[in-house]
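**Student:** Before anything else, here's the structure in question.
In the working numbering, the protein residues as written are 1 to 93.
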């Protein structure tokens, strides 16, 4: 029954949690109902303003995830990314 127990060692927020509440945040910012934002997201309604706000919110989340991943990559992975290959020299016969 403790399958939902939170791991106290978790240092980061799971990516899916960052998307939770996206419709509510956009709706609050635009002064519309969250169900309307949801309908626009599903394509049942059209609204350039809502679509733009949703895209911006997703971009902010994506940037956050990219920054987190770049700052928390394992040391070995960071080391590998800094290694540059030398230009190849022609072999002499």
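No residue lacks a Cβ here, since even glycine has one placed at the ideal position from N, Cα and C.
Because the structure is a prediction, the values reported are computed rather than measured.
To the nearest angstrom, how far is it from the Cα of residue 27 to the Cα of residue 63?
**Tutor:** Taking the straight line from one Cα to the other gives about 21 Å.
**Student:** Let's test the definition: count the other Cβ atoms within 10 Å of the Cβ of residue 55 and tell me whether it reaches 16, buried, or not, exposed.
**Tutor:** Answer is exposed; the Cβ neighbour count stays below 16.
**Student:** If we count the other Cβ atoms within 10 Å of its Cβ and call it buried at 16 or more, is residue 49 buried or exposed?
**Tutor:** The residue is exposed, with fewer than 16 neighbouring Cβ atoms inside 10 Å.
**Student:** Roughly how many angstroms lie between the CA atoms of residue 40 and residue 21, to the nearest whole one?
**Tutor:** Rounded to whole angstroms, residue 40 to residue 21 spans 15 Å at the Cα level.
**Student:** Could you give the DSSP three-state label for residue 8: helix, strand or coil?
**Tutor:** For residue 8, the predicted model reports a pLDDT of 41, less than 50, meaning its position is unreliable; a value from the coordinates is still stated below. The answer is coil: DSSP assigns residue 8 none of H, G, I, E or B.
**Student:** Quick check: does the Cβ of residue 25 come within less than 7 Å of any heavy atom belonging to the ligand HEM?
**Tutor:** Of the ligands one can find in the structure shown there are none, so the ligand HEM has no counterpart to examine.
**Student:** Measuring CB to CB, does residue 36 end up less than 8 Å from residue 45?
**Tutor:** Going by C-beta atoms, residue 36 is nearer than 8 Å to residue 45.
**Student:** Please report the distance separating the alpha-carbon of residue 18 from that of residue 68.
**Tutor:** The alpha-carbon atoms of residue 18 and residue 68 are separated by roughly 12 Å.
**Student:** Please give me, in chain order, every unbroken run of the beta strand (DSSP E) with length at least 3 that falls completely inside the stretch 9-47.
**Tutor:** You should have found no qualifying run.
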